[in-house]
Amino acid sequence: MANDSNDKSLTPSKNFILPFILILLSRMPLHGYELIQKLQKFGFLTIDIGNLYRLLRKLEQENLVCSEWDVTGNGPAKRKYSITEDGVKYLKIHANHLESYQKMLDQFFRMYSSFLELYIPSFNKKDSIEKSNNIKGRRKNDSEEK
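Residue numbers for the sequence shown follow the UniProt record's numbering, beginning at 1 and rising by one.
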């Protein structure tokens, strides 16, 4: 557990990445490679391509997404994925769950900040540079008001 803090890459679970896939597909149909690029912009930097395609096939079996072969353009045909009505319903339900998790996370970080303030007294204190800048700023504002 202590070594986890040194790990700079975070590999999300499939349950966490799933709503991101659905939200992207709700905006427009995408090829798998386009989906990977957009997921990386969300911060999913360590996506296993094989796992992503397996997940997309599973989502098709569950009728959350559908695909069709796109034969336009140069090169081989590619699957283009889009969200289904069931996928939209699932996305709405999942968004409500994420909102609840967000509230829990907000509470956790408020408690964690309190913990840091209690056990690391300098955590919320401004450093001497910030203090002197604030004092100078107040003096400047005071002189402008007069």
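We treat Cβ as the ideally placed atom computed from N, Cα and C, and that holds for glycine. Here the structure is a predicted model, which is why all the values come from computation and not from measurement.
For Ile-49, the enclosing alpha helix (DSSP H) has its first and last residue at 49 to 61.
In this structure, the beta-carbon distance from Ile-93 to Val-65 does not fall below 8 Å.
No residue range can be given for Phe-44, since it is assigned to no alpha helix (DSSP H) and is classified by DSSP as neither H nor E. Beta-bridge partners of Leu-30 (DSSP): Tyr-81. Rounded to the nearest whole angstrom, the C-alpha separation of Leu-98 and Lys-78 is 32 Å.
Less than 8 Å divides the Cβ of Phe-42 from the Cβ of Phe-20. Short of 6 Å from the beta carbon of Ile-23, and not among the five residues preceding or following it, lies no beta carbon of its own chain.
By DSSP's assignment, Val-65 forms a beta bridge with Ile-83.
For the 8 Å CB-CB criterion, Leu-52 and Gly-75 do not form a contact.
Between Tyr-81 and Leu-30, the CB-CB gap stays under 8 Å. Residue environment for Gly-87: buried (at least 16 other C-beta atoms within 10 angstroms of its C-beta). Taking the CA atoms as reference points, Ser-67 sits about 8 Å from Glu-60.
Met-28 and Glu-34 have their C-alpha atoms spaced approximately 11 Å apart.
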